[in-house]
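Here is the structure we will look at, set down as structure tokens.
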Amino acid sequence: MMKKMMLMTLVMVLSISAHAMGFKSARTETFYLSDKMAHELSLTAEQYEVVYEINLDYLLRLKKADDMLGVAWERRSAAMQLVLSDWQYKKFLAIEYFYRPVKRVDDEWRFPVYEQYKEDKFYFSHPKAYKTYKGANKEQPASVYADRIVTKPANAKHNAAPAVYVGKPKVKYPDHPDDRFTDRIYDKPSTPANKPIEPIGTRKEKPFGIP
């Protein structure tokens, strides 16, 4: 009887683990998602760091399909409202692949953002949090981010999801990661405001859930 109960417990643990997203996969997908949010929402460098943490918190809490729009999702939306400006948050709510970033298809986690962007392209380098943050705040309420001081852009900018990548940004200060946002091509008067920049690099990893 004891052995049977232990076996049943082991099966339950393995089933839960099979549905949970591992840290490596969560970090990879968080970077991809946050990079696109930084582009479309015109995040400042400080916002980019915090948005990465919030997104990672969310993905690390996904255990089953119900979690996608459950407490973890509500907590993510509340945290985003704290760190985004009013116009950024309204745009965040209006973009489905940011607002509801994960789907469960054929028992796998899928990310709608890949339907809009090339899977191996990025606009920005890894945030500092990519190497240092492991989800320490994931079980904390959204208010944990209320005291994070971030610079918020005052004016709304439109950067659409690109159908074609054009141009190439130059890195003026490669030794200072926080300056990587200063050379966005669409900020220059000679370039149309609705013309997106080309991502700065490619990914080596396969997107999670895609063979």
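Number 500 in the working numbering belongs to position 203 of the sequence shown; there are no gaps in the numbering.
Backbone N, C-alpha and C fix where the C-beta goes; we use that ideal spot for every residue, glycine too.
Short Cβ contact (9 Å threshold) for residue i with residue j
i, j, result
"Ala335", "Trp384", "no"
"Ala451", "Ser382", "yes"
"Tyr394", "Glu412", "yes"
"Lys449", "Val399", "no"
"Arg407", "Ala362", "no"
Per-residue burial, residue i [other beta carbons within 10 Å of its own, 16 or more giving buried]
i, result
"Asp403", "exposed"
"Lys388", "buried"
"Arg358", "buried"
"Asp444", "exposed"
"Glu436", "exposed"
"Val368", "exposed"
"Ile351", "buried"
"Phe421", "buried"
"Ala433", "exposed"
"Lys333", "buried"
"Leu340", "buried"
Spatial distance of residue i from residue j (CA atoms)
i, j, result
"His423", "Arg372", "24 Å"
"Lys431", "Ala391", "29 Å"
"Ser331", "Tyr349", "6 Å"
"Lys428", "Val347", "13 Å"
"Leu338", "Val410", "14 Å"
"Tyr345", "Lys425", "10 Å"
Interface flag, residue i vs chain B, CB-CB below 9 Å
i, result
"Ala458", "Chain labels in this structure do not include chain B; a single protein chain is all it has."
- Taking only runs of the alpha helix (DSSP H) that begin and end inside the region 367-422, which ones reach a length of at least 4 residues, in chain order? Counting whole runs of 4 or more residues, the region 367-422 contains the alpha helix (DSSP H) stretches 368-380, 383-391, 393-396.
_Any 3 or more C-beta pairs closer than 8 Å across the region 321-335 and the region 348-355_ = With the cut-off at 8 Å, the region 321-335 and the region 348-355 touch.
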